[in-house]
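The structure appears below as structure tokens.
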Amino acid sequence: MAQHAAARAAEAEAPAQSDIAVDGYIAAAESYMQALNALPRAEAAARAAVREQLEYVIDYVSALKARAQQEQEQQQKQQQQQQAPAAAALQWPEPPKTAEIAPPAAAEPPQDPPGAAYTPQELDVLRRSSRINGHLFVPWLDDLDAQEKFSLPEPFEDPDGHVPLSAKQKKKEAAWMRPSDYAAKCGHAPVMIAHGGVNPLVVKQDIVTDCSFVASLCIAAAYEQRFQKRLITNIIFPADIRTKQPVYNPFGKYVVKLWANGVPRKVVIDDLLPVSADTGQLLSSCTTRKNELWVSLIEKAYLKLNGGYDFPGGNSGIDLFALTGWIPERVPVTELINAPSKEERLWEQLKSAFHYGDCIITMSTGDIPKQEAKAIGLVPMHVYAVLNVYELTSSEQDAESTGDGKKTRLLQVKNPWRKLSWKGPYSRHDKARWDSAIGDELRVYQRQFYATEETEAEGTDGQQDDGLFWIDFNSVKQYFESLYMNWNPELFPFKGVCHEHWPVELGPVNDSLTLGFNPQYSLTFSKCSRLEGTSTSTGSCTVWVLLSRHVSTIERDTDYSNQQFLTLHVYRGAPGKRVFYNHCAVSRGTYSNNPHTLVSLDLDLADDSEPSFTLVASQYEKFAALDYTLSIFSTRPFTCEPIPQLATTAPTSIVIPGAWDTACAGGRPFYSTFMNNPQIHLQLQKPCRSLFLFLETEAFFSKDAKDASFPINLRAALHTRERVCGLHAASNATAEDEDPPKVLSSGEYRPGFCFIEVDADTLASGLHDIVLIPSTFKRDVLGKFTLRVVSDPPAGASIAYRQLSPEGHGMELTRLRGKWDMQTGSAAGCSNYGCYTFNPRYLVHVTQECDMLARLLVEADGSPGESPTEGGIITPSINVSVFESTSEGDLLLSTNPKLAFADATSAHGVYVSGAPSGVLAKATRRYPPGWYIVLPSTFEPQELHFELRLYTSTHVDVRSL
1 MAQHAAARAA
11 EAEAPAQSDI
21 AVDGYIAAAE
31 SYMQALNALP
41 RAEAAARAAV
51 REQLEYVIDY
61 VSALKARAQQ
71 EQEQQQKQQQ
81 QQQAPAAAAL
91 QWPEPPKTAE
101 IAPPAAAEPP
111 QDPPGAAYTP
121 QELDVLRRSS
131 RINGHLFVPW
141 LDDLDAQEKF
151 SLPEPFEDPD
161 GHVPLSAKQK
171 KKEAAWMRPS
181 DYAAKCGHAP
191 VMIAHGGVNP
201 LVVKQDIVTD
211 CSFVASLCIA
221 AAYEQRFQKR
231 LITNIIFPAD
241 IRTKQPVYNP
251 FGKYVVKLWA
261 NGVPRKVVID
271 DLLPVSADTG
281 QLLSSCTTRK
291 NELWVSLIEK
301 AYLKLNGGYD
311 FPGGNSGIDL
321 FALTGWIPER
331 VPVTELINAP
341 SKEERLWEQL
351 KSAFHYGDCI
361 ITMSTGDIPK
371 QEAKAIGLVP
381 MHVYAVLNVY
391 ELTSSEQDAE
401 STGDGKKTRL
411 LQVKNPWRKL
421 SWKGPYSRHD
431 KARWDSAIGD
441 ELRVYQRQFY
451 ATEETEAEGT
461 DGQQDDGLFW
471 IDFNSVKQYF
481 ESLYMNWNPE
491 LFPFKGVCHE
501 HWPVELGPVN
511 DSLTLGFNPQ
521 YSLTFSKCSR
531 LEGTSTSTGS
541 CTVWVLLSRH
551 VSTIERDTDY
561 SNQQFLTLHV
571 YRGAPGKRVF
581 YNHCAVSRGT
591 YSNNPHTLVS
601 LDLDLADDSE
611 PSFTLVASQY
621 EKFAALDYTL
631 SIFSTRPFTC
641 EPIPQLATTA
651 PTSIVIPGAW
661 DTACAGGRPF
671 YSTFMNNPQI
681 HLQLQKPCRS
691 LFLFLETEAF
701 FSKDAKDASF
711 PINLRAALHT
721 RERVCGLHAA
731 SNATAEDEDP
741 PKVLSSGEYR
751 PGFCFIEVDA
761 DTLASGLHDI
771 VLIPSTFKRD
781 VLGKFTLRVV
791 SDPPAGASIA
801 YRQLSPEGHG
811 MELTRLRGKW
821 DMQTGSAAGC
831 SNYGCYTFNP
841 RYLVHVTQEC
851 DMLARLLVEA
861 DGSPGESPTE
871 GGIITPSINV
881 SVFESTSEGD
891 LLLSTNPKLA
901 FADATSAHGV
911 YVSGAPSGVL
921 AKATRRYPPG
931 WYIVLPSTFE
941 PQELHFELRL
951 YTSTHVDVRS
961 L
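With the first letter of the sequence shown counted as 1, position 127 gets the number 127 in the UniProt record's numbering; the numbers rise by one all the way through.
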């Protein structure tokens, strides 16, 4: 388009004047956006071409701004270095202020390395999230956007069109009118801010249902008036060059700086405001001064960002973050009920932080019954601004209000409607208190702040209800639902921010089974002895982590189906180590559709050599891709790095499908059928530094995964390529043990998902073969499963696999049941008792060379398929061995398992206990034709039933002796 070409030409002519180039490219982006909206959806190719150009321009503007900001920072740094020696030579440093009144220390955060800027991935996130509710809101850059061109040849009209009106505004037949037109009716020229500066007491909400935002405007204005720190006057432009105060623009163009989707953004509006066609009344929030504009214009910019004047409001913490960028925190009032210690801590925090200007406070009521709300003077589901936090010091304190002798705690509160005040204790109707020393004390106190010629101190029955009142904290706990506190980020000298994208295909829909595939970050602090520039020697540290979900379309509280619920969990862990299971969390978050999730931690770093935490983002029933910003605020230096995702879809990762069917659903080792479970052989053809083995049920990726899944476990037998015959050498230890066992286990049985991590040391020991055994907690549980084998890093790793045949596959099975009997003398025990050959014996006649396996299982009370463990009895120590013999079955009295044919003895002749699935004797070579004795025995003489299974590759004759 012409604007795009003009921008390129301007940049080429004056490459050093980046602000001119940025303006041109932004104009081009706006033109592309209008063209995109005008094109019919049927013209897909044309829309795709325009969208591609639009995305290119946004990316280029972001890069151009980042480059300009880097150049500016470098220039400032050079100027400071040049000016510093002269200043030091001419001036003595002033003594520091007292600790009680000194502002929070603004310690210098670690400097970014030269050339540091947004990563390509972050630029992609910010580009994508610049389009909100159908309009383009590019990231803000102070030195460029504050110099916007506001002088125009004709009155400005927003190219995005009018901000959509609400139903109430339409009902009043709202018309768009400029301030120069409607302000003339009151006999005064329009002004941005009236004499005396922004005043919270003159702000009033009209028919727009944005009480939370208007309350936020009130408290931000109150903060600016009280602490002389610009929260309102530094976000709207144009501004006077000398005073930096926003001014009325007769050309009707304004730019408002609002925080949205991770960064401050530029919102361009015109000054057309909704006015009643009949009465000329302004149909938006405003001040009591009819020609004052700051409230109406900032509201219009915010509602443009949020999709229109039908904005529902409700969460002033979100609104205040958009206005100020201050960290939002919500405290449910229910947490304070019957929790005096928590209330005490919160009150001291409120009182201190409010009076030092560290936070701004709003609060909201709950769903109060209509008649009760009318009687007490509060509006249900409504947001109020807190203008003062105060403790009475008067000797005439009301003992009834506290009941415990503590000082009475009060809040001064403003209803943004500028009417309907509290009617309970300490209200204007509480004449007894206002006529006492309490009233005198409050009047003296409140005159220190916000006093103007339009407002008078309350306390007389005849005073007009302006929505300003005092209320005791006990009444707040009774009638209010939430306290919203937005904290000054300058309280934290060390900060870090990253912008990330969470694709919908990453991880399961429901992460209740595992968090292992969610975005995770490693947060690490230095040792206390290494800390520099700190004023204390203690190891205490406060860390706040803010997870902010990016919003692209307007959200309504009633439409939960399209809302994303997000939270953040914190765990202790080794740096870079992923968390897979949601247990033992330092802080476990609560899912909320609030776009901001805050986790606050108070840490003691003195005892930890190098404390490390893992931050895990989590969604409830993920259904769409998500962009988000992670912000970390700390009182101590830290490093925060994303933990690399596991390459589950890399070419070197393999997926092995499988199933537990009627033949192989053997259950856990508790059952004698455990060895029936599927077994898979992995061969590591090339080395890799670490290896993850994941077992998932078929329902793992479903929304109701936790309810639909059954408990499962995975075992990995190392350094073997053959089918595992028994787990007598295994344990439930994991790879983290100092002396890793031969068989690794995923641990306790867990629904739907489990995993094993084979660490670098184990892999470095020459590991080439692994046999995997997936199992269910109960036997005969049928279902499909998936084994995922992921190498980390995937480069250079090559893995092959094969399904191992079931035990005795393709062989003839002979089942023999018997008993070790004390009366007949067949319960003879091991060779130590001198009667080993008196145990039950089975004579096998082999007529041609063959393979033979002998499995021995102990049965409970002679019940087939049930082991003593299942019946509540501990499995005894058992052994089965095969010996060469004569046709009569003769054996020497000195016979013992160590003399078995070709090592055909279970566990190399060792008696094994606790093996419900039994023991197996397998020779190291084939059996030549001849006579053999199969001899099952217990270590100690013991009367028990058993089952003997003989698998042979050819037919053999077997008889009991």
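All C-beta atoms, glycine included, are put in the ideal place defined by N, C-alpha and C.
All values reported here derive from a predicted model rather than from experimental measurement.
query                                                                                                                 : result
Selection from Asn562, Thr597 and Phe613 that minimises the alpha carbon distance to cysteine 584                     : Phe613
Coil, strand or helix - glutamate 500 by DSSP                                                                         : strand
Whole-angstrom C-beta distance between glycine 317 and tyrosine 182, which should lie under 8 Å                       : About 33 Å; that fails the 8 Å criterion.
6 Å Cβ shell around aspartate 145 - same chain, five flanking residues per side excluded                              : Lys266
contact_flag[the region 184-202, the region 363-373] where n(CB pairs < 8 Å) is 3 or more                             : no
Threonine 954 - DSSP class collapsed to helix/strand/coil                                                             : coil
Bridge partner(s) assigned by DSSP for residue 1019                                                                   : There is simply no residue 1019 to check, as the chain begins at 1 and stops at 961 in what is shown.
Start-end ranges of the beta strand (DSSP E) lying completely within the region 233-267, minimum 3 residues           : 253-260
Among Phe480, Ser475, Ala339 and Lys495, the one whose alpha carbon lies nearest that of proline 380                  : Phe480
Cβ-based neighbour list, threonine 886, same chain, cut-off 8 Å, excluding 5 preceding and 5 following                : Trp931
Selected residue, minimal CA-CA separation from leucine 126, among Lys819, Glu55 and Ile269                           : Glu55
CA-to-CA distance, alanine 239 to tyrosine 248, given in whole angstroms                                              : 9 Å
Sequence-distant residues of its chain with Cβ nearer than 8 Å to histidine 162 (five each side left out)             : Trp176 and Leu272
Three-way DSSP call (helix, strand, coil) for leucine 727 in this model                                               : coil
Same chain, Cβ closer than 6 Å to alanine 625, five either side skipped, listed in chain order                        : Pro503 and Val504
Delimiting residues of the beta strand (DSSP E) encompassing lysine 419                                               : First-last for lysine 419: undefined, no H or E at that position.
Cβ-based burial, histidine 945 [other Cβ within 10 Å; buried from 16]                                                 : buried
Threonine 662 classed as buried or exposed, judged by whether at least 16 other C-beta atoms fall within 10 angstroms : exposed
Cross-strand partners of phenylalanine 692 (DSSP beta bridge)                                                         : Glu757 and Val790
Reference asparagine 338, options Ser548, Lys477 and Leu950, closest by Cα                                            : Lys477
Alpha carbon of histidine 768 to alpha carbon of leucine 691, nearest angstrom                                        : 12 Å
Validate contact between the region 214-223 and the region 372-386 using beta carbons, cut 8 Å, 3 pairs               : yes
Residue range of the unbroken alpha helix (DSSP H) whose run includes tyrosine 376                                    : A quick correction: the sequence has isoleucine, not tyrosine, at residue 376. Element bounds for isoleucine 376: 370-376.
Collapsed DSSP secondary structure at valine 509 in the structure displayed                                           : coil
Cβ contact check for the region 246-261 and the region 131-149: 3 or more pairs under 8 Å                             : yes
Proximity of leucine 782 and leucine 772 at Cβ, strictly below 8 Å                                                    : no
Status (buried if at least 16 other CB within 10 Å, exposed otherwise) for serine 653                                 : buried
Residue closest to arginine 549, alpha-carbon to alpha-carbon, out of Phe321, Ala375, Tyr671 and Val543               : Phe321
Glutamate 940 Cβ short of 7 Å to the ligand NAD heavy atom set                                                        : The ligand NAD is absent from the structure shown, which contains no ligand whatsoever.
Cutoff 8 Å; reference threonine 542; Cβ partners in own chain excluding five residues on either side                  : Phe492, Ser600, Leu601, Asp602, Leu603, Ser634 and Thr635
Arginine 750 classed as buried or exposed, judged by whether at least 16 other C-beta atoms fall within 10 angstroms  : buried
Stretch pair the region 874-883 + the region 934-954: three plus CB contacts closer than 8 Å                          : yes
Cα-Cα separation between glutamate 757 and threonine 895, rounded to whole angstroms                                  : 44 Å
For glutamate 329, three-class secondary structure by DSSP                                                            : strand
Tyrosine 445, DSSP secondary structure in three states                                                                : helix
Option in Ser212, Arg230 and Asp957 with minimal Cα separation from histidine 845                                     : Asp957
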